[in-house]
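In what follows, a single structure is set out as structure tokens and then discussed.
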Amino acid sequence: MTRSPEEFDSSPVRDLLRRAQTGALSRREIMQRAAALGIGGASLQAILRAGQTAAAPASASPRTPRRAAADPKTLTLALDGTPSNLDPHSSYDYRSTMAILGPYEGLIGLKGEATDQYEGILAESWEPNVDKSAWTFHIRQGVTFQDGTPVDAEAVRASYERFLTLDLGPVNVLKRFVTDPKQITTPDAMTVVFDCGSPQPLFESGIASTYGPEVVNVKAMKEHEDNGDWGNVWAQTNAEGTGTGAYKIVQFDNGQQLVMERNENYWRGWDGDHFDRIVFRVVTEEQTRRQLIEQGDADIVDDLTPENRKALAQNPDVTVHKDLSTQVEYFTMTVAGPLKSPEARQAMCWAWPYQEVIQGVYAGDAKEPHGPVAETIRGYDPNTFQYTTDLDKAKALLAQAGVAEGTKLTCTVESGIEFEKSAIQLFQANLQKIGIALDIQLIDLGAFTSLFYGDSPAEERPNLMAWGWWPDYNDAWNHLYPQVSCSGWGSKGSNGGFYCNQQVEGLLQQAHDAADLDTYQKVLSQAQQILSRDDPPAIYYAEPLWITIIRNDINGFFFNPINIGTYNFWAMSRKV
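At position 263 of the sequence shown (counting the first as 1) the number is 300 in my numbering, and the numbers step up by one without a gap.
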């Protein structure tokens, strides 16, 4: 289903259009939110182009506060993009999640840097039944929302009912396990039970995700309800009294800044050293971000170019953290025309200049992946076939596939992503050596996203398109399904090349339904071999390191490869 432009009077669609006009929404968020709302075709194109024509936020707005040297209790982040949606149940980008984790908390979360160890947050304890088909959570006593409303089992149940009913953005994090609010029950005032209906050993991972399962104050949100939206439109820009977290959002100027102040009644308390205030500054100009952190006017900055990273690494006041995450970069291949056959797509993988890209484009700050799943994700198989650059094999496979010398391929890349442009130019040179011409088309974000998530048939799509992905939680099924499932074509998912392999489809279903982790791993290992060696849907070429640049006087920072781009602000402080 797609919506026509005249349907922009629908509140969620109108709000998406308004937010796109800030020019700061990520590709991932635009795609996920549009797909959840059923927006495609001309409507999606209009929304995305509105975002492209919006004026970029100023590098340093006069309304943006500077951290005075005498104010060690303020933590300042200089970001290249803005948080854009503060509702945990519809937000789907990491910058928004970064802000959401100030006022909102879930039942449990990953413990520190661990990817498979959990700690209780709003739940003080939890346990599954024998076959892990039902999971019981015991709610912590004495916790209140920021407006003073007690958090009990019914409040938690109502929050997850809202999440499932809205059916927006990250909802599949929960729907993978529970599809009907009736499967969530409250046997007593402080106990919540999730009945998954079948063994689900990964439920713990899903409910610990930072994308969606945070508990919200439904009563407070319903006071701002608009046409049955459970307060979603209001909650995208407001968070007064609706969470349980350590910090309250007191100011949000989309595209400019967001300010949080401590919640004095936070259930963990404020003993020890903590920040009183967290400030997000949107600073689009890279050199300005570098200057801010060098001068101490910012404590954390977004990723910078390899040149700026190298320079900052020499600064004794700054540390450049480089961590392996769950992100995989790839060029999806359209399963039509010259690249219809598995042999032709294998040839593209053999022709890719892997080490030239890793060393030249990423300056060594990336690894070559073993297929589509990063090594940090549960379900990854290190024995998955890994390509190297071999132009002779590529040429032979093209001949076998009937792709003649002189064939012209097209590749579409978003114009603002420099590393993708550099990488595809190196690939273009390799293809030229084996008699294949590659036409590189640079288009803006709006046009690219409309193309990738549009419904144009495979025959009308470019042969290659640049993309990247990471999972919502620690689960290779969650990582793979949006990219390669037969149901994920066009506006229904992230399968931009219209790939469909029935054997892979069956293996993904088996992984979804696996009653134990051994079965889960076995079937996902088979799927990864097919997706890499036998019938590749994409050229998987880089696992980039996640870069965090931080002042050395900041305590409490740690990197979790699952919860990338987020911080535990309550645990952070400044060395005195």
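The beta carbon of each residue, even a glycine, is placed where N, CA and C say it ideally should be.
| Asked | Found |
| --- | --- |
| Give the DSSP-derived three-state secondary structure of Val-365 in the structure shown. | strand |
| Just checking, does the segment 411-430 make contact with the segment 505-521 on the three C-beta pairs under 8 Å criterion? | yes |
| What number of angstroms, rounded off, separates the C-alpha of Gly-179 from the C-alpha of Glu-161? | 11 Å |
| Rounded to whole angstroms, what's the CA-CA distance from Pro-238 to Glu-191? Just pull it up for me. | 25 Å |
| Count the other CB atoms within 10 Å of the CB of Glu-322; is the residue buried (16 or more) or exposed (fewer)? | exposed |
| Can you round the beta-carbon distance between Ile-286 and Leu-123 to whole angstroms, since I take them to be within the 8 Å contact cut? | 7 Å |
| Can you tell which of Phe-312, Asn-269, Asn-500 and Asp-263 has its C-alpha closest to the C-alpha of Ala-283? | Phe-312 |
| At the level of alpha carbons, what is the spacing between Asn-597 and Val-440? | 44 Å |
| Gly-280 by DSSP, collapsed to three states: which one? | coil |
| Pro-581: buried (16+ other C-beta within 10 angstroms of its C-beta) or exposed? | buried |
| Can we say the segment 444-461 touches the segment 500-507, given the rule of at least three CB pairs closer than 8 Å? | yes |
| Looking at the structure shown, is Lys-445 part of a helix, part of a strand, or coil, going by DSSP? | strand |
| Quick one: what's Pro-165 bridged to in DSSP? | Trp-172 |
| Evaluate Asn-269 with the Cβ neighbour count: other Cβ atoms within 10 Å of its Cβ, from every protein chain shown; 16 or more gives buried, anything less gives exposed. | buried |
| The beta strand (DSSP E) with Arg-577 in it runs from where to where? | Reading the sequence as shown, one finds Tyr at residue 577 and not Arg. Here the beta strand (DSSP E) through Tyr-577 covers 575-588. |
| Taking just the CA atoms, how far does Lys-347 sit from Ala-106? | Caution applies to Ala-106, whose pLDDT of 47 falls short of 50 and renders its modelled position unreliable; the value that the coordinates give is listed next. Each residue's Cα considered, the two are about 26 Å apart. |
| Looking at the secondary structure, which residues open and close the beta strand (DSSP E) in which Arg-382 lies? | Here Arg-382 belongs to no beta strand (DSSP E); instead the alpha helix (DSSP H) covers 379-388. |
| On the criterion of 16 or more Cβ atoms from any shown chain inside 10 Å, does Gln-565 qualify as buried, or is it exposed? | buried |
| Output yes or no for whether 7 Å exceeds the beta carbon distance between Gly-483 and Met-297. | no |
| Report the option in Asp-130, Pro-187, Asp-217 and Glu-241 whose CA atom is closest to the CA atom of Phe-632. | No answer is possible for residue 632: the residues shown for the chain start at 38 and end at 613. |
| Note down, in chain order, each residue of its chain lying with its Cβ closer than 8 Å to the Cβ of Ile-454, except the 5 sequence neighbours on either side. | Ala-503 |
| So, with DSSP's three-state summary, where would you put Phe-595? | coil |
| Along the chain, where does the beta strand (DSSP E) containing Gly-157 start, and where does it finish? | 155-157 |
| Expressed to the nearest angstrom, what Euclidean distance is found between the alpha-carbon atoms of Cys-233 and Phe-606? | 33 Å |
| Under the three-state reduction of DSSP, which class applies to Ala-105: helix, strand or coil? | Its pLDDT being 44, under 50, Ala-105 is placed unreliably by the model, and the measurement read from it follows with that caveat. Of the three classes helix, strand and coil, the one that applies to Ala-105 here is coil, per DSSP. |
| For the beta strand (DSSP E) containing Val-316, name the first residue and the last one. | 314-319 |
| Have a look at Pro-125 and Gly-534 and give me their C-alpha separation to the nearest angstrom. | 30 Å |
| If I'm right that Ile-576 touches Met-370 with Cβ under 8 Å, what's the distance once you round it to whole angstroms? | 7 Å |
| Could you tell me if Glu-142 is buried or exposed, where buried requires 16 or more neighbouring beta carbons within 10 angstroms of its beta carbon? | buried |
| According to DSSP, is Ala-160 part of a helix, a strand, or is it coil? | strand |
| Going by beta-carbon coordinates alone, are Leu-428 and Lys-470 separated by less than 7 Å? | yes |
| Comparing C-alpha positions only, which one of Leu-116, Tyr-578 and Pro-574 sits nearest to Ile-337? | Leu-116 |
| Which whole-angstrom value is the C-beta distance of Tyr-248 and Asp-509, which I expect to be below 8 Å? | 4 Å |
| Less than 7 Å between the C-beta atoms of Ala-513 and Val-365, yes or no? | no |
| If distances are taken between C-alpha atoms only, which option among Val-188, Asp-492, Ser-133 and Leu-144 comes closest to Gly-530? | Asp-492 |
| Alpha carbon to alpha carbon, what distance is there between Ala-551 and Asp-168? | 11 Å |
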